[in-house]
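>
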Amino acid sequence: TMDAERALPEKRNPLVEEKHTPQIEILVERRRLGQTELTVKAGQIGTSNATKPSNLGMFDYAHLRVPLPKDLQGSGIFAPSRRNQSYPEAYFLMRRSNDGYISATGMYKAAFPWSSLEEEETEKKYIKSLPETDSEEIAGNVWIPPTSALTLADAYGMRTWIEALLDPEPIAKGTHDPNKKIATPPRFVLPTSEATTLPPPTETTSRRRTLRSASPA
Numbered sequence: 001t002m003d004a005e006r007a008l009p010e011k012r013n014p015l016v017e018e019k020h021t022p023q024i025e026i027l028v029e030r031r032r033l034g035q036t037e038l039t040v041k042a043g044q045i046g047t048s049n050a051t052k053p054s055n056l057g058m059f060d061y062a063h064l065r066v067p068l069p070k071d072l073q074g075s076g077i078f079a080p081s082r083r084n085q086s087y088p089e090a091y092f093l094m095r096r097s098n099d100g101y102i103s104a105t106g107m108y109k110a111a112f113p114w115s116s117l118e119e120e121e122t123e124k125k126y127i128k129s130l131p132e133t134d135s136e137e138i139a140g141n142v143w144i145p146p147t148s149a150l151t152l153a154d155a156y157g158m159r160t161w162i163e164a165l166l167d168p169e170p171i172a173k174g175t176h177d178p179n180k181k182i183a184t185p186p187r188f189v190l191p192t193s194e195a196t197t198l199p200p201p202t203e204t205t206s207r208r209r210t211l212r213s214a215s216p217a
């Protein structure tokens, strides 16, 4: 179980707060499947768990773009680009396709964009101490199962975003190449007691938003 009393940065990304979050159906549609090749220099292969040959090669995942606030001055985890000195406009939540685990690293960066490196490291150590966390840092991320990600999402104030990432609806490929095969993460069904209550479609949108924001923590 997660320690609800642990210290988290006070300054959060206001754009993931419930009042600024698009409806869950919109977030579900915005997800895309991606693929990247995980490589390391020849001399580094096998020097750590993440560089084992079995953890390299094609890496398939689903991702959801999270907007970041415009001014991230003071952030220890986001730096302005050298070219035009602007901060990144967004960060991606990721769910890997082979087992459906979610990146806790991405969740933290999206929720606490002004975090210091020390604060991020403290939280990372805590997440890695949990028995259900994957011990391998694949693609430079710490990975946790969906149920842990939902608990973490409650602590980070981004429940709707993680529910959307886990939604069983089909996910479009983020590429126009018809020949590219990208695996979809395994189906995850939210336990009914936890599912965000969606009233009948006949009700008005504002009513749906009210009910959704009042879902149990």
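Last residue of the sequence shown: number 217 in the UniProt record's numbering, and the count goes up by one each step with no gaps. Every residue, glycine too, gets a C-beta built ideally from N, C-alpha and C. Since the model is a prediction, treat every value here as computed from it, not as a measurement.
For V16, which residues of its own chain have a beta-carbon under 7 Å away from its beta-carbon, when the five flanking residues on both sides are left out?
The answer, listed in chain order, is V66, A110, A111, G157, M158, W161.
> Cutting at 8 Å between CB atoms, please list the residues of its own chain near P113, excluding the five before and the five after it.
Result list for P113: N13, L68, P69, L72, S75, I77, F78, Y91, in chain order.
> Applying the criterion that 16 or more other CB atoms from any shown protein chain within 10 Å of the CB defines a buried residue, is P146 buried or exposed?
It counts as buried.
> Determine the DSSP secondary structure at V66, reduced to helix, strand or coil.
Strand.
> Could you tell me the boundaries of the beta strand (DSSP E) in which T151 lies?
Run containing T151: none in the beta strand (DSSP E); it sits in the alpha helix (DSSP H), 146 to 156.
> Please give the ranges of any alpha helix (DSSP H) in the UniProt domain "HTH APSES-type" (67 to 178), keeping only runs that are unbroken, at least 4 residues long and fully inside the region.
104 to 111, 117 to 129, 146 to 156, 159 to 166, all fully within the UniProt domain "HTH APSES-type" (67 to 178).
> Which of helix, strand or coil does DSSP assign to R32?
The answer is strand: DSSP assigns R32 an E or B state.
> Roughly how many whole angstroms lie between the Cα atoms of R6 and I127?
Cα to Cα, R6 sits roughly 11 Å from I127.
> Do the region 131 to 141 and the region 174 to 189 make contact, defined as three or more Cβ pairs closer than 8 Å?
As far as the Cβ criterion goes, the region 131 to 141 does not touch the region 174 to 189, which means the pair count is below three.
> Under a three-way DSSP split, which group does E18 fall into?
E18 falls in the helix class under three-state DSSP.
> Please classify M58 as buried or exposed, where buried requires at least 16 neighbouring CB atoms within 10 angstroms.
Under this definition M58 is an exposed residue.
> For a test of the three-state rule: what should DSSP assign to L27, helix, strand or coil?
In the structure shown, L27 sits in a helix (DSSP, three-state: H, G or I).
> Counting only the same chain and skipping the five closest in sequence on each side, list residues whose C-beta sits under 6 Å from that of E169.
Cβ within range, chain order: V28.
> Any idea what DSSP makes of E5, helix, strand or coil?
Correct three-state label for E5: coil.
> Spell out whether any CB of chain C is found under 8 Å from the CB atom of G100.
Among the chains in the structure shown there is no chain C, since it carries only a single protein chain.
> Does E10 come out as helix, strand or coil in the three-state DSSP assignment?
Three-state result, E10: coil.
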